[in-house]
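Visitor:
In the working numbering, the protein residues as written are 576 to 752.
1. How long is the line joining the alpha carbons of residue 683 and residue 665, rounded to whole angstroms?
2. For a quick check, are the C-beta atoms of residue 707 and residue 696 less than 8 angstroms apart?
3. Mind reading off the beta-carbon distance from residue 667 to residue 579? Whole number of angstroms is fine, and I expect it under 8 angstroms.
4. State the start and end residues of the unbroken alpha helix (DSSP H) segment that holds residue 680.
5. Among 711, 633, 657, 671, which has the Cα closest to the Cα of residue 686?
6. Taking only runs of the alpha helix (DSSP H) that begin and end inside the region 606-654, which ones reach a length of at least 4 residues, in chain order?
7. May I ask you to report which of helix, strand or coil DSSP gives residue 580?
8. Is the beta carbon of residue 581 closer than 8 angstroms to that of residue 615?
9. Take residue 627 and list the residues in its own chain whose beta-carbon comes closer than 7 angstroms to its own, dropping the five residues that flank it on each side.
10. Are the CB atoms of residue 640 and residue 738 nearer to each other than 8 angstroms?
11. What are the residues that DSSP puts in a beta bridge with residue 724?
12. Distance check for residue 676 and residue 702, CA to CA, integer angstroms please.
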């Protein structure tokens, strides 16, 4: 799929879960949105970008633990912005910019009085499908936003301290804090 069709399709699926929320439990809505995110976000690549210089130093097991924790945080952050039953609209700000195997799809998401610009940075995978490797929310790269904090936590508390902090932040976001 081309970048625009992919983003439109995934937003349609997310919108479906949110509009079906009266018939579904909050957890079913969240699980549905998580599945949609997993279908087009390359969490391994996003995780690597957020931990850049330290990522390659991790063992395979450490990478898995870190990617899993970070994926949970990203999903919780995304889900916190989406209220079941609340309508939202997405519109593109122009056509996606495509250069070789990368694309940037610029969108604005509106819900009630709230409006947020979300740009999807995508790459064309070996299977000829675009996958998101970063989200830029109101001009702030998600990966870059976490990088400085993650570096400091890793330096001060090691990987275990970093993972514990990520997991605690995920729980806070899931609890609506």
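Where is the CB? At the ideal position from N, CA and C, for every residue including glycine.
Guide: So, to answer that:
1. The straight-line gap from Cα to Cα measures roughly 6 angstroms.
2. Using a Cβ distance threshold of 8 angstroms, residue 707 and residue 696 count as a contacting pair.
3. With a Cβ gap of about 6 angstroms, residue 667 and residue 579 count as contacting.
4. That residue, residue 680, is in no alpha helix (DSSP H); its beta strand (DSSP E) goes 677-686.
5. Residue 686 has its Cα closest to that of 657, out of 711, 633, 657, 671.
6. The region 606-654 contains these whole alpha helix (DSSP H) runs: 618-625, 627-630.
7. Here residue 580 carries a helix assignment [DSSP, helix/strand/coil].
8. Inclusion of residue 615 and residue 581 in the CB contact set at 8 angstroms is warranted, their separation being smaller than that value.
9. Closer than 7 angstroms at Cβ, skipping near neighbours: 722.
10. Going by C-beta atoms, residue 640 is nearer than 8 angstroms to residue 738.
11. DSSP, once it has assigned bridges, lists no residue as partnering residue 724.
12. Rounded to the nearest angstrom, the two C-alpha atoms are 12 angstroms apart.
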